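Undergrad: Sending over a structure as structure tokens; questions will come in a sec.
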Amino acid sequence: MITVENLTFGYGGTGFRLRVPKFVLQDNERVAIVGPSGSGKTTLLNLIAGILTPEAGRIDVAGTDVAALSDVERRRFRASTIGFVFQDFALLDYLSARQNILYPYRITPALTLDTDARDRAEALAAACGIGDKLDRHPSALSQGEQQRVAICRALVTQPKLILSDEATGNLDPDSKARILDLLFEQAALAGAPVLAVTHDHELLPRFGRVLDFAQFREGAEA
Amino acid sequence: MNALYLAFAYLRYHWGRSLVLMLVAALILFVPVATQILLSTSERALVARGDATPLLLGSRGSQLDLTMAALYFSDERPEPVPMREVEAVWDSGLAIPIPVHTAFSSSGFRIVGTSLDYFDFRELALSEGRGLSVLGDAVIGADVAATIGKGVGDTLVSSPENLFDLDGVYPLEMPIVGVLEPTNSPDDQAVFVDIKTAWVIQGIGHGHEDVVTAAEVAAGSEAVSNAAVVQYQRITDENIESFHFHGAQDDFPASAVIVVPNDTRSATILKGRYLDGENPTQLIAPASVIQGLVDRIFRIKSLLDVVTTIIAIAAFAAIGLAVFLSYRLRAREIATAVKLGARRGMVLRLLSAEIFTLLLISTFIAAIGTAIVARNAESWVGWLLALGA
Chain A
11 MITVENLTFG YGGTGFRLRV PKFVLQDNER VAIVGPSGSG KTTLLNLIAG
61 ILTPEAGRID VAGTDVAALS DVERRRFRAS TIGFVFQDFA LLDYLSARQN
111 ILYPYRITPA LTLDTDARDR AEALAAACGI GDKLDRHPSA LSQGEQQRVA
161 ICRALVTQPK LILSDEATGN LDPDSKARIL DLLFEQAALA GAPVLAVTHD
211 HELLPRFGRV LDFAQFREGA EA
Chain B
3 MNALYLAFAY LRYHWGRSLV LMLVAALILF VPVATQILLS TSERALVARG
53 DATPLLLGSR GSQLDLTMAA LYFSDERPEP VPMREVEAVW DSGLAIPIPV
103 HTAFSSSGFR IVGTSLDYFD FRELALSEGR GLSVLGDAVI GADVAATIGK
153 GVGDTLVSSP ENLFDLDGVY PLEMPIVGVL EPTNSPDDQA VFVDIKTAWV
203 IQGIGHGHED VVTAAEVAAG SEAVSNAAVV QYQRITDENI ESFHFHGAQD
253 DFPASAVIVV PNDTRSATIL KGRYLDGENP TQLIAPASVI QGLVDRIFRI
303 KSLLDVVTTI IAIAAFAAIG LAVFLSYRLR AREIATAVKL GARRGMVLRL
353 LSAEIFTLLL ISTFIAAIGT AIVARNAESW VGWLLALGA
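Sequence lines, in order, name chains A and B.
With the first sequence counted from 1, adding 10 to any position gets you the numbering used here.
With the second sequence counted from 1, adding 2 to any position gets you the numbering used here.
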């Protein structure tokens, strides 16, 4: 599904260097990325999503060489192929839960907001237990409910890959496991693999594989 | 459409801030346009009234005061001109003189003592009732009727003018016999009486046993009059014959005399007769006086335009700053949109959509306000011009 080869990246002027000789994520795989802060975990997600472009190397996502795409193509690729879940949920306070789920359709011509998309949003919300709260704004939802909305938003576009950046970082211990299980369950139903950055080692047994990222920071031993 | 949808959702959710921004923008758009409409209408109304009044005869003094008193029934009280001047114009055979006496008021509206020629001259039509025919009759303007809620069959009492004058006259109760059609001119704000009725109010003419006491008013009885409790005079069928005037009518006062010359030649001859600076009376062309006033107003207006422009620039800069700051606050939302694959220029589209929506609604509000002003400009200007009368 994802193949990363000989990837190198650096932030100019900071001394930060990232080198990933080889990383593969199989279909339906659930991989956790762990490592100290600043080791480049989120940077890798951004490189895979095409938000950042590597200095060298190849990033293949579902048969697309992301690094070779133009900016416009990468934006379209991201909108149609990647589902993002963030630590801070990144919901818009001025939109209802329903419109937050459908937000990706509002910001890019790569997606078309049709009846199917609306039906999918309702079905996902129902599956995530927030079907009766779709007309509420984020401020009227608990943190767990907000993250469920964010998961629905990541899945509603039927992405080929789910990238999760500390998705459970702001949740209480009880909610963390439930939300992660929900993410895995919905991703499995969508047939999308999950690549998740996390600091929470208690959750690691729920992943199929754990990738310690310290090895990829340049200068570190592989 | 999606950018507009998001912009509208954002503005609606933050409705308080949006409302302030929209009202400020609407005001910036509305004020200059409304001012222009009102000023243009004022100019037209002022000039039209001046143009419709060929010549004005009055005591020598401020031409503006004379014009404002005679045409707009304002507070100005030019020195009275004796009625012999009216007769002099009649005798010349060159023009029709129409005296106007504007010294008194009733219920806050100017009492205009005049002759029947005034109604023909101003082409005033009655919406109900009849014209002046008997001493004491009053015909009221449309605004007067609407404001005080009175009509034909009701009465008006002149306001006491000589509160501290022990010899002062009693106010006069006047039956309303007619109501005029609205004209959007100072005539709508006037109470018209025969000039003789104005002289009665002034105390030059009076009747006998014509006073009505407070006790009579309260009891509705015909008690014997008592000067200690007198409220006002009333002219009735029984006492009208007893009304009389002391002195020669030639000496009786008018505030001014509207002079309607037969033709241009007559007007020129008449003007020549009043050129002498020693003459205690003057004959003026109100149109030129009004034009001078309008020119002055528009010089002030150009200054107002500069101030409005500066305020508009400052206000739009403030709105721009508010929108910019709101986008700084929404940096996280923008970052999220980029991560989710937002199209290039999405931020600019959102910003444009919000400004467009704000300005569209502001323009709509300003347009409604402007339409209301335009629709009512003539009546409001008529009221404004009569204000302070």
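No residue lacks a Cβ here, since even glycine has one placed at the ideal position from N, Cα and C.
All values derive from a computational prediction rather than experimental measurement.
Count the other CB atoms within 10 Å of the CB of GLN36/A; is the residue buried (16 or more) or exposed (fewer)?
TA: What you label residue 36/A is simply residue 26 of the first sequence in a count that begins at 1. Classification for GLN36/A: exposed.
Undergrad: Could you check where the alpha helix (DSSP H) with LEU25/B kicks off and where it finishes?
TA: Position 23 of the second sequence, counting from 1, holds the residue named residue 25/B. Start and end: 17-53.
Undergrad: Name the two residues that bound the continuous alpha helix (DSSP H) containing ARG124/B.
TA: Taking the second sequence and counting its residues from 1, one reaches residue 124/B at position 122. Neither: ARG124/B is in no alpha helix (DSSP H) and is coded neither H nor E.
Undergrad: Quick check for students: name the residue ranges of the alpha helix (DSSP H) that lie wholly in the region 327-365 of chain B, counting only runs of 4 or more.
TA: Counting only unbroken stretches of 4 or more residues, the alpha helix (DSSP H) elements lying wholly within the region 327-365 of chain B are 333-341, in sequence order.
Undergrad: On the DSSP bridge list, what partners appear for LEU83/B?
TA: Taking the second sequence and counting its residues from 1, the one referred to as residue 83/B is at position 81. Inspection of the sequence shows that residue 83/B is occupied by Val rather than by Leu. For VAL83/B, which the question treats as bridged, DSSP gives the partners ALA256/B.
Undergrad: To the nearest angstrom, report how far apart GLY180/B and GLY95/B are at their CA atoms.
TA: Indexing the second sequence from 1 puts residue 180/B at position 178. Indexing the second sequence from 1 puts residue 95/B at position 93. Straight-line Cα distance between these residues: approximately 32 Å.
Undergrad: GLY18/B versus chain A: which residues are under 7 Å apart at the beta carbon?
TA: Residue numbering aside, residue 18/B sits at position 16 when the second sequence is read from its first letter. Simply none; closest approach about 13 Å.
Undergrad: Nearest-angstrom Cα distance between VAL83/B and ASP190/B?
TA: The residue labelled residue 83/B in the question sits at position 81 within the second sequence. The residue labelled residue 190/B in the question sits at position 188 within the second sequence. Roughly 25 Å separates the two Cα atoms.
Undergrad: Which of helix, strand or coil does DSSP assign to GLU176/A?
TA: Within the first sequence, residue 176/A is the residue found at index 166, counting from 1. Reduced to three states, the DSSP call for GLU176/A is coil.
Undergrad: Given that GLY347/B touches chain A, what residues does it touch there, using C-beta distances under 7 Å?
TA: The residue labelled residue 347/B in the question sits at position 345 within the second sequence. Within 7 Å Cβ-Cβ: nothing; GLY347/B doesn't reach chain A, min ~11 Å.
Undergrad: Does the Cβ of PHE254/B have 16 or more other Cβ atoms within 10 Å, making it buried, or fewer, making it exposed?
TA: On the second sequence, position 252 is the one that residue 254/B refers to. Per the 10 Å Cβ criterion, buried.
Undergrad: Any beta carbon from chain B within less than 9 Å of PRO64/A's own beta carbon?
TA: Within the first sequence, numbered from 1, the residue matching residue 64/A stands at position 54. No, PRO64/A lies away from the interface with chain B (no Cβ there is under 9 Å from its Cβ).
Undergrad: How close, in whole Å, do the beta carbons of ILE12/A and LEU171/A come, if the pair is a contact with beta carbons under 8 Å?
TA: By one-based count along the first sequence, residue 12/A stands at place 2. By one-based count along the first sequence, residue 171/A stands at place 161. 7 Å between Cβ atoms; contact.
Undergrad: Below 9 Å between beta carbons: does that hold for VAL159/A and ALA78/A?
TA: For the purposes of this step, residue 159/A is taken as the residue at position 149 of the first sequence. For the purposes of this step, residue 78/A is taken as the residue at position 68 of the first sequence. No, Cβ-Cβ distance for VAL159/A and ALA78/A is not below 9 Å.
Undergrad: Report buried or exposed for SER135/B, applying the criterion of at least 16 other Cβ atoms within 10 angstroms of its Cβ.
TA: For the purposes of this step, residue 135/B is taken as the residue at position 133 of the second sequence. Answer is exposed; the Cβ neighbour count stays below 16.
Undergrad: Which one of ALA144/B, PHE123/B, ASP119/B, TYR120/B has the shortest CA to CA distance from GLY131/B?
TA: On the second sequence, position 129 is the one that residue 131/B refers to. Of the candidates ALA144/B, PHE123/B, ASP119/B, TYR120/B, the one whose C-alpha sits nearest the C-alpha of GLY131/B is ALA144/B.
Undergrad: DSSP three-state call for ARG132/B: helix, strand or coil?
TA: Against the second sequence, residue 132/B aligns to sequence position 130. Coil.
Undergrad: Against chain B, which members of the region 95-126 of chain A pass a CB distance test of less than 9 Å?
TA: PHE96, ASP98, ALA100, LEU101, LEU102, ASP103, TYR104, LEU105, SER106, GLN109, TYR113, PRO114, TYR115, ARG116, ILE117, THR118, PRO119, ALA120, LEU121, LEU123
Undergrad: For ILE92/A, which residues of its own chain have a beta-carbon under 7 Å away from its beta-carbon, when the five flanking residues on both sides are left out?
TA: Within the first sequence, the letter at position 82 stands for residue 92/A. Excluding sequence neighbours, ILE92/A sits near ALA59, PRO169, LEU171, LEU173.
Undergrad: Going by DSSP, name the residue or residues bridged to VAL41/A.
TA: The count along the first sequence starts at 1 and reaches residue 41/A at position 31. Its beta-bridge partners are LEU205/A, ARG219/A.
Undergrad: Tell me whether ASN281/B is buried or exposed, calling it buried when 16 or more other Cβ atoms sit within 10 Å of its Cβ.
TA: On the second sequence, residue 281/B is found 279 positions in, with the first residue counted as 1. Burial call: exposed.
Undergrad: Within 9 Å of any Cβ in chain B, is that where the Cβ of VAL76/A sits?
TA: Counting from 1 along the first sequence, the entry for residue 76/A is found at position 66. By this cut-off, VAL76/A is not an interface position.
Undergrad: When you compare the CB of VAL82/A with every CB in chain B, is at least one pair closer than 9 Å?
TA: The sequence position of residue 82/A within the first sequence is 72, counting from 1. Chain B, which has a Cβ nearer than 9 Å to the Cβ of VAL82/A, makes this yes.
Undergrad: Closer than 7 Å by C-beta to PRO101/B: which residues in its own chain qualify, once you throw out the five before and the five after it? Chain order, please.
TA: Walking along the second sequence from the start, residue 101/B turns up at place 99. The residues are MET85, VAL88, THR116, SER117, ILE197, ALA256, VAL259.
Undergrad: Flag this pair as yes or no: are the beta carbons of ALA206/A and ALA177/A separated by less than 9 Å?
TA: As a first step, residue 206/A must be located in the first sequence, where it is residue number 196. As a first step, residue 177/A must be located in the first sequence, where it is residue number 167. Yes, Cβ-Cβ distance for ALA206/A and ALA177/A is below 9 Å.
Undergrad: CA-CA distance, PHE121/B and ALA127/B?
TA: Taking the second sequence and counting its residues from 1, the one referred to as residue 121/B is at position 119. Taking the second sequence and counting its residues from 1, the one referred to as residue 127/B is at position 125. Computed Cα separation, rounded: 8 Å.
Undergrad: So, does the CB of GLY343/B fall closer than 9 Å to a CB anywhere in chain A?
TA: Here residue 343/B refers to the residue found at position 341 when the second sequence is read from its first residue. Yes, GLY343/B counts as interfacial toward chain A.
Undergrad: Check the DSSP bridge columns for HIS246/B and list the partner residues they point to.
TA: Here residue 246/B refers to the residue found at position 244 when the second sequence is read from its first residue. Here HIS246/B is bridged, per DSSP, to HIS208/B.
Undergrad: Could you name the residues of chain B that ILE61/A contacts, counting a contact when the two beta carbons are closer than 8 Å?
TA: One-based indexing of the first sequence puts residue 61/A at position 51. Ordered by position in chain B, the residues that pass the 8 Å Cβ test against ILE61/A are VAL340, LYS341.
Undergrad: For the alpha helix (DSSP H) holding ILE161/A, just list the boundary residues, first then last.
TA: Within the first sequence, residue 161/A is the residue found at index 151, counting from 1. First-last of the alpha helix (DSSP H) with ILE161/A: 153-165.
Undergrad: So which of ALA90/B, LEU29/B, ALA36/B, VAL49/B has the shortest CA-CA distance to VAL375/B?
TA: Position 373 of the second sequence, counted from the first residue, corresponds to residue 375/B. Considering only alpha carbons, the answer is ALA36/B.
Undergrad: If we define contact as Cβ-Cβ less than 9 Å, is ASN180/A a contact residue for chain B?
TA: By 1-based counting over the first sequence, the position of residue 180/A is 170. Chain B contact via Cβ: absent.
Undergrad: Is GLY115/B helix, strand or coil when you go by DSSP?
TA: The residue labelled residue 115/B in the question sits at position 113 within the second sequence. Strand at GLY115/B.
Undergrad: With respect to the beta strand (DSSP E) encompassing ASN16/A, which residues constitute its N-terminal and C-terminal limits?
TA: Counting from one through the first sequence, the residue named residue 16/A turns up at place 6. Its beta strand (DSSP E) spans residues 12-20.
Undergrad: Give me, in chain order, the residues of the same chain whose beta-carbon lies closer than 7 Å to that of ILE357/B; leave out the 5 immediate sequence neighbours on both sides.
TA: Counted from its first residue, the second sequence places residue 357/B at position 355. Same-chain partners within the cutoff: VAL325.
Undergrad: Determine which residues of the region 60-78 of chain B have a Cβ less than 7 Å from any Cβ of chain A, and write them out in chain order.
TA: none
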